[in-house]
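Asker: Here you go, one structure.
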Amino acid sequence: MALLTPAADLSRGFKTYIEGVRWLRAHPRYLLLLAVPWFGGFGSVVAGLTAMVAYAPELTATLLFTQPAGWPMLGLYYLVKTGLFLGGVLLVLVAGALIMSVVAAPVYEAISVAVERERTGTVAGTAGFRGMLRVLWLEFKKVSLILALSILLVFVPGLNVFSGLLAAFLAGWDLFDYPMARRGWPLRTRLGVARREAWAVLGLGLWLAIPFTQMLTLPLAVAGATLLNLDALARDRQLNRIDS
Numbered sequence: 682m683a684l685l686t687p688a689a690d691l692s693r694g695f696k697t698y699i700e701g702v703r704w705l706r707a708h709p710r711y712l713l714l715l716a717v718p719w720f721g722g723f724g725s726v727v728a729g730l731t732a733m734v735a736y737a738p739e740l741t742a743t744l745l746f747t748q749p750a751g752w753p754m755l756g757l758y759y760l761v762k763t764g765l766f767l768g769g770v771l772l773v774l775v776a777g778a779l780i781m782s783v784v785a786a787p788v789y790e791a792i793s794v795a796v797e798r799e800r801t802g803t804v805a806g807t808a809g810f811r812g813m814l815r816v817l818w819l820e821f822k823k824v825s826l827i828l829a830l831s832i833l834l835v836f837v838p839g840l841n842v843f844s845g846l847l848a849a850f851l852a853g854w855d856l857f858d859y860p861m862a863r864r865g866w867p868l869r870t871r872l873g874v875a876r877r878e879a880w881a882v883l884g885l886g887l888w889l890a891i892p893f894t895q896m897l898t899l900p901l902a903v904a905g906a907t908l909l910n911l912d913a914l915a916r917d918r919q920l921n922r923i924d925s
């Protein structure tokens, strides 16, 4: 029975993403708002890839050993060079998605608030200009943490085995966190809820781990992530808890 619980939670998170997309389809004005992160994310990725290609020789000379004259070291050289290039592309995609998350934080917050108001009849937490500045600051701190972990996953040997699963969880957690951040909860408390809902958050995040689709799937996840979080808070009877 214990083995079935993670599978059920994983499926619940996966299905909640679809439920969130259906909510967006039923509220087209919020779906239209997502054009902001879509265009912003695409622009940041294009700029990042252009810079990476432009400075590829300098980066290769800095990060890679001198090109050997013969085999087998020449084969190792090209293997490492290819790995660095693929790692750089992955890092640009992750960084683009994270930059998109910061720039689009007001849009995500507006959608999250609308979902919460419809689901619960009210919205708990801060509002107005000060509330928006607070959301931006919290999102910047989360994105900095996620980017640091992503760099470790790409470049530290051994950790990259788990990079796909951890990246999926982190992407899901970033959006799952919005209702709790709005309530002013400290990071430790918010992480505790995310840990209890880890399999469901991972299930939601699987949609965000499909290669080269993150720019499309990430913004669509905000409604489902909010629904998933509100259900967790309702089970814990903490929907109305607000910390100053």
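What the sequence shown shows, in the numbering used here, is residues 682 to 925, in sequence order. Built from N, CA and C at the ideal position, the CB exists for glycine as well.
Which residues bound the alpha helix (DSSP H) around E797?
Answerer: Note, E797: alpha helix (DSSP H), 786-801.
Asker: Three or more C-beta pairs closer than 8 Å, one from the region 709-719 and one from the region 756-768: is that the case here?
Answerer: Touching, no, given that fewer than three Cβ pairs across the two stretches are closer than 8 Å.
Asker: Which ranges would you report for the alpha helix (DSSP H) in the region 891-917 if only whole runs of at least 4 residues count?
Answerer: Correct list: 895-916.
Asker: Check whether the region 775-784 and the region 817-827 touch, using three or more Cβ-Cβ pairs below 8 Å as the test.
Answerer: Yes, they touch.
Asker: Please tell me whether Y758 and L779 are closer than 9 Å, where the distance is taken between their beta carbons.
Answerer: Taking 9 Å as the Cβ cut-off, Y758 and L779 do not qualify as a contacting pair.
Asker: Using beta-carbon positions only, say whether W704 and L889 come within less than 9 Å of one another.
Answerer: For W704 and L889, no; Cβs fall outside 9 Å.
Asker: Would you grab the beta carbon distance between G873 and T697 for me? Rounded to a whole angstrom, and I think it's under 8 Å.
Answerer: At roughly 20 Å, the Cβ-Cβ gap does not stay under 8 Å, so G873 and T697 are not in contact.
Asker: Do the region 789-800 and the region 731-740 touch if we need at least three Cβ pairs shorter than 8 Å?
Answerer: Short answer: they don't touch.
Asker: Pull up the distance between the alpha-carbon of L691 and that of L772, whole angstroms please.
Answerer: Between L691 and L772, the C-alpha separation is close to 26 Å.
Asker: To which residues of the same chain is A915 closer than 6 Å at the C-beta, ignoring the five residues directly before and after it?
Answerer: Nothing listed; no residue qualifies.
Asker: Go ahead and label P753 buried or exposed: buried means 16 or more other beta carbons lie within 10 angstroms of its beta carbon, across all protein chains shown.
Answerer: Exposed is the call here.
Asker: To the nearest angstrom, report how far apart P687 and G884 are at their CA atoms.
Answerer: Distance between the alpha carbons of P687 and G884 is about 10 Å.
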